[in-house]
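Residue numbers (the numbering used here), protein chains in the order written: chain A, 1 to 305; chain B, 1001 to 1370.
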């Protein structure tokens, strides 16, 4: 129980949290733009991980040299990003788009339905039992000294996640598409009136959210090393909690929420015991929401009249 | 809309023959169903066996779903953790009756205590969180569900961990009527539980109908329709929502008590996880929010699909020898999730008001087409 141990847990929390945040972005972007809790997002990432596993096997990455491995990982991230992004857009077109004017519960239940369908696809894809994802990266310690462990895997998480997040915030803040996204999330009707193609913006949001999820799925496989057709639920739950914690609809909020969840998970696993982690995460969520109902960084909104 | 079209028809006044019977069934579906279900065990011998237990479970889920319907259907608050209250009811029942604990009070007393306690827990959760907006409230209920599940699993000294608490004695253990031990009768013949849960379900249905018409029930709907307008009319939205929360929890607790007693164990905590909550929520929405027959039909379809149809179809496929290699692609339960998911998507797409909608909600959903 030394300072070093604490710092180690913080490092684990940081990498874990970055991964959670990447998934949380997918929830928060979709929620921000159409007000839908996309229950299928976690399972979308599960499908991305299935594709990653199939590609790793097909490309024979487990036995490739170091350069080929890094190139292969880059390829995996691009491929799974495209796959998840496209799949997300297709689902939006087929399932959610006809329900834009339906009551709020209808798309929510549809999303639960889509998540079940995804789980079934995953079940056929990789089978009912958990599959191990090959260790592609050497587990050498990158930090000097014996105390703190920070391996290539941890570095990979940060190297992928941080630029993606910076890129996303640049996209939302500076580009035309980003401005259109912010406009639609504030008021879709008004945005349409000033010439924003609302359907295109929504599709773009689903694509970006899904693509980030696809990248997350590859990192998940490489970092956790076990995937299974039911992994989407638990991971989706934590990521969604992170999004709500940070203030759903807010992009920096999702990042902050993800990091908080990551730290809480690693610290409570280390000091209280892993089996209580789920309860502690959600108890903290409830307490924070009681005192700050709009989440840590969320906008305070009035109920609409 | 003071009276409904079916009420005006006076179905069995002049109509005769087949049409008359159909009109009567349509008008008094509840009575007909009740009579059919009450007579069924006397006619169908299979209900004295494993099937009887399955149908009993179905009745219990109907009670649970009717409880959830108070919150989601009438009051319009999304609740993603109803199974945790179901679980709390089951565990309280077990703690009050199993030999491991010193209480060992009777079934009826334990039920009353558990239902009141579950309602209290619902109030305790609801009071600080009800000011949250819709989706935040949903995530709080979800989080509460996870907290309860993890706690039940880990407090092994109190809850028995993954083994759960058992044996929960059957109702009326030790009570002798005409020389027969009532508890023994419950333990031997599943039809006793069948009738007990049918009775409880009928009671809940009657209570819900009275509630729907009552001052409180109308206040629930008013808050769902327009909270601001309702408070302008002098309804305290917070108190109304809290009462809905407590009522949902209490009914779920009642279902939990029956569940633990009928299985004679609480089963492991995973029986009360998020998946169960979602299944019940889907049943309520699929059947029709705020509609009692819809809720019951929704549960019958979803639970029936899972516990009756899927195993039956699997054994049929096995008998027909269609699937000699045992591939999951060719087994019915391999497709279970996809069928379930597709059904939810299709119903939401083409009938968002549910299969048997409550008239008010259906009218509301289609107001832009009218």
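Beta carbons are placed, not taken as given, at the ideal position from N, Cα and C, and that holds for glycine.
Below 8 angstroms on the Cβ atoms is my guess for residue i versus residue j; work out the distance and round it to an integer in Å.
| i | j | result |
| --- | --- | --- |
| residue 1191 of chain B | residue 1052 of chain B | 6 angstroms |
| residue 122 of chain A | residue 39 of chain A | No, residue 122 of chain A and residue 39 of chain A are not in contact; Cβ-Cβ is about 15 angstroms, not under 8 angstroms. |
| residue 215 of chain A | residue 77 of chain A | 5 angstroms |
| residue 1168 of chain B | residue 1261 of chain B | 6 angstroms |
| residue 198 of chain A | residue 184 of chain A | 6 angstroms |
| residue 293 of chain A | residue 1130 of chain B | Incorrect: roughly 11 angstroms between the Cβ atoms, too far for contact. |
| residue 115 of chain A | residue 43 of chain A | 5 angstroms |
| residue 9 of chain A | residue 267 of chain A | 5 angstroms |
| residue 236 of chain A | residue 41 of chain A | 6 angstroms |
Count the other C-beta atoms from every protein chain shown that fall within 10 angstroms of the C-beta of residue i, then say buried if there are 16 or more, exposed otherwise.
| i | result |
| --- | --- |
| residue 1273 of chain B | buried |
| residue 5 of chain A | exposed |
| residue 1336 of chain B | buried |
| residue 1010 of chain B | With a pLDDT of 46 at residue 1010 of chain B, under the threshold of 50, the predicted position of this residue should be treated as unreliable, though the coordinate-derived value follows. Classification of residue 1010 of chain B: exposed, given that the 10 Å Cβ count is below 16. |
| residue 255 of chain A | buried |
| residue 1197 of chain B | buried |
| residue 34 of chain A | buried |
| residue 1228 of chain B | exposed |
| residue 107 of chain A | buried |
| residue 1102 of chain B | exposed |
| residue 181 of chain A | buried |
| residue 1159 of chain B | buried |
| residue 1357 of chain B | buried |
| residue 1002 of chain B | At residue 1002 of chain B, the pLDDT of 43 sits below 50, so the modelled position is not reliable; the number obtained from the coordinates is stated separately. Residue 1002 of chain B is exposed by the Cβ-count criterion. |
| residue 1093 of chain B | buried |
| residue 17 of chain A | buried |
| residue 66 of chain A | exposed |
| residue 265 of chain A | buried |
| residue 15 of chain A | buried |
| residue 1320 of chain B | exposed |
| residue 1233 of chain B | exposed |
| residue 206 of chain A | buried |
| residue 110 of chain A | buried |
| residue 1289 of chain B | buried |
| residue 187 of chain A | exposed |
| residue 1226 of chain B | exposed |
| residue 32 of chain A | buried |
| residue 238 of chain A | buried |
Can you find a heavy atom of the ligand HEM that lies under 7 angstroms from the Cβ of residue i?
| i | result |
| --- | --- |
| residue 1138 of chain B | This structure does not include the ligand HEM; it has no bound ligands of any sort. |
Using a Cβ-Cβ distance under 8 angstroms, would residue i count as near chain E?
| i | result |
| --- | --- |
| residue 1040 of chain B | Any reference to chain E falls outside this structure, whose protein chains are A and B. |
Task: Cβ contact check for the segment 153 to 173 of chain A and the segment 211 to 224 of chain A: 3 or more pairs under 8 angstroms - done: Enough Cβ pairs lie closer than 8 angstroms, so yes.
Task: the segment 1289 to 1304 of chain B / the segment 1259 to 1272 of chain B touching (three or more Cβ pairs under 8 angstroms) - done: Taking a cut-off of 8 angstroms for Cβ pairs, the segment 1289 to 1304 of chain B and the segment 1259 to 1272 of chain B do not touch, as fewer than three such pairs fall below it.
Open item on the list: Using a Cβ distance threshold of 8 angstroms, determine whether the segment 1148 to 1157 of chain B contacts the segment 1075 to 1095 of chain B, with at least three qualifying pairs required.
Closed with: Under the three-pair Cβ rule at 8 angstroms, the segment 1148 to 1157 of chain B counts as touching the segment 1075 to 1095 of chain B.
Open item on the list: Any C-beta of chain A within less than 9 angstroms: which residues of the segment 1282 to 1307 of chain B qualify?
Closed with: Residues passing the 9 angstroms Cβ filter: 1282, 1285, 1286 and 1289.
Open item on the list: Just to confirm the assignment: which complete beta strand (DSSP E) runs, minimum length 3, are found wholly within the segment 17 to 68 of chain A?
Closed with: Fully enclosed beta strand (DSSP E) runs of 3 or longer: not present.
Open item on the list: Tell me whether the segment 92 to 102 of chain A and the segment 1342 to 1357 of chain B touch, counting them as touching only if at least three CB pairs, one residue from each stretch, are closer than 8 angstroms.
Closed with: With the rule of 3 Cβ pairs closer than 8 angstroms, the segment 92 to 102 of chain A counts as touching the segment 1342 to 1357 of chain B.
Task: Residues of the segment 1138 to 1163 of chain B whose Cβ lies closer than 9 angstroms to any Cβ of chain A, in chain order - done: Taking 9 angstroms as the upper bound on Cβ-Cβ separation, chain A lies near residues 1138, 1139, 1140, 1142, 1143, 1144, 1145, 1146, 1147, 1148, 1149, 1150, 1151, 1153 and 1154 of the segment 1138 to 1163 of chain B.
Task: Within 8 angstroms of chain A by C-beta, residues of the segment 1123 to 1138 of chain B in sequence order - done: Within the segment 1123 to 1138 of chain B, the qualifying residues are 1128, 1129, 1131, 1132, 1133, 1134, 1135, 1136 and 1138.
Task: Residues in the segment 233 to 251 of chain A having any Cβ partner in chain B nearer than 8 angstroms - done: Answer in chain order: 233, 237, 240, 241, 244 and 248.
Task: Within the segment 225 to 254 of chain A, ranges of the alpha helix (DSSP H) (whole runs, at least 4 residues) - done: Correct list: 231 to 246.
Task: Entirely enclosed alpha helix (DSSP H) segments - the segment 1036 to 1091 of chain B, minimum 4 residues - done: Complete alpha helix (DSSP H) runs here, min 4: 1050 to 1069.
Task: Contact list for the segment 69 to 101 of chain A against chain B, Cβ threshold 8 angstroms - done: Sequence-ordered contacts of the segment 69 to 101 of chain A with chain B read 95, 98, 99 and 101 [C-beta pairs closer than 8 angstroms].
Task: contact_flag[the segment 1034 to 1045 of chain B, the segment 1172 to 1187 of chain B] where n(CB pairs < 8 angstroms) is 3 or more - done: Short answer: they don't touch.
TODO: Enumerate, from N- to C-terminal direction, the unbroken alpha helix (DSSP H) stretches of 4 or more residues contained entirely within the segment 183 to 224 of chain A.
DONE: Segments of the alpha helix (DSSP H) lying fully in the segment 183 to 224 of chain A: 188 to 193 and 198 to 224.
Open item on the list: Measuring CB atoms only, is the segment 1242 to 1253 of chain B touching the segment 1111 to 1125 of chain B, in the sense that at least three cross pairs come out at less than 8 angstroms?
Closed with: The segment 1242 to 1253 of chain B and the segment 1111 to 1125 of chain B touch, with no fewer than 3 CB-CB distances between them shorter than 8 angstroms.
Open item on the list: Tell me which residues of the segment 115 to 139 of chain A have at least one Cβ-Cβ distance to chain B shorter than 9 angstroms, keeping chain order.
Closed with: Answer in chain order: 115, 116, 117, 118, 119, 120, 121, 123, 124, 127 and 128.
Open item on the list: Short of 7 angstroms Cβ to Cβ, which residues in the segment 270 to 285 of chain A face chain B?
Closed with: Taking 7 angstroms as the cut-off between beta carbons, the residues of the segment 270 to 285 of chain A near chain B are 275, 276, 278, 279, 282, 283 and 285, in sequence order.
TODO: Report yes or no: do three or more beta-carbon pairs, one from the segment 284 to 302 of chain A and one from the segment 231 to 249 of chain A, lie closer than 8 angstroms?
DONE: Using a Cβ-Cβ distance cut-off of 8 angstroms, the segment 284 to 302 of chain A and the segment 231 to 249 of chain A are in contact, since at least three pairs of beta carbons, one from each stretch, lie closer than that value.
Task: Continuous alpha helix (DSSP H) assignments of at least 4 residues falling wholly in the segment 1269 to 1333 of chain B - done: Runs of alpha helix (DSSP H) with 4 or more residues, each lying fully within the segment 1269 to 1333 of chain B, are found at 1274 to 1287, 1292 to 1304 and 1310 to 1320, listed in chain order.
- [ ] Say whether the segment 1104 to 1115 of chain B touches the segment 1234 to 1242 of chain B, bearing in mind that this needs 3 or more beta-carbon pairs closer than 8 angstroms, one atom from each stretch.
- [x] No, because fewer than three Cβ pairs between the segment 1104 to 1115 of chain B and the segment 1234 to 1242 of chain B fall closer than 8 angstroms, the two stretches do not touch.
TODO: Pick out the complete alpha helix (DSSP H) segments inside the segment 1150 to 1175 of chain B, 4 residues or longer, and give them in chain order.
DONE: For the segment 1150 to 1175 of chain B, whole alpha helix (DSSP H) runs of length 4 or above, ordered along the chain, are 1156 to 1159.
- [ ] Pair every Cβ in the segment 1310 to 1320 of chain B with every Cβ in the segment 1069 to 1079 of chain B, then say whether three or more of these pairs are closer than 8 angstroms.
- [x] In short, these stretches do not touch, since the Cβ pair count stays below three.
Task: Cβ pair count under 8 angstroms reaching 3, the segment 58 to 68 of chain A against the segment 80 to 98 of chain A - done: Segments in contact, no.
Open item on the list: Using 8 angstroms as the cut-off, can you tell me whether the segment 164 to 174 of chain A makes contact with the segment 85 to 95 of chain A, which would need three or more C-beta pairs spanning the two stretches below that distance?
Closed with: In short, these stretches do not touch, since the Cβ pair count stays below three.
Task: In chain order, each alpha helix (DSSP H) run of at least 4 residues that lies wholly inside the segment 1194 to 1254 of chain B - done: As far as the segment 1194 to 1254 of chain B is concerned, its whole alpha helix (DSSP H) runs of at least 4 residues are 1215 to 1225 and 1227 to 1232.
Open item on the list: Counting only Cβ-Cβ distances shorter than 7 angstroms, please list the residues of the segment 1267 to 1281 of chain B near chain A, keeping chain order.
Closed with: Flagged, chain order: 1278.
Task: Interface residues of the segment 1335 to 1358 of chain B facing chain A [CB-CB below 9 angstroms] - done: Taking 9 angstroms as the Cβ-Cβ cut-off against chain A, the residues of the segment 1335 to 1358 of chain B that qualify are 1335, 1336, 1337, 1338, 1339, 1340, 1341, 1342, 1343, 1344, 1345, 1346, 1347, 1348, 1349, 1352 and 1353.
TODO: Scan the segment 36 to 62 of chain A for residues whose Cβ lies nearer than 8 angstroms to a Cβ of chain B and list them as they occur along the chain.
DONE: So the list reads 37, given in the order they occur along the chain.
- [ ] Jot down the residue ranges of each uninterrupted alpha helix (DSSP H) in the segment 1087 to 1124 of chain B, minimum 4 residues, whole runs only, in chain order.
- [x] Listed in chain order, there is nothing to give.
- [ ] Mind checking the segment 186 to 200 of chain A against chain B and listing, in chain order, the residues whose C-beta falls within less than 7 angstroms of any C-beta there?
- [x] Those would be none; no residue qualifies.
- [ ] Decide yes or no for the touch test of the segment 1212 to 1229 of chain B against the segment 1277 to 1286 of chain B: beta carbon pairs closer than 8 angstroms, at least 3 of them.
- [x] Touching, no, given that fewer than three Cβ pairs across the two stretches are closer than 8 angstroms.
Open item on the list: Tell me which residues of the segment 208 to 223 of chain A have at least one Cβ-Cβ distance to chain B shorter than 7 angstroms, keeping chain order.
Closed with: Hits within the stretch: zero.
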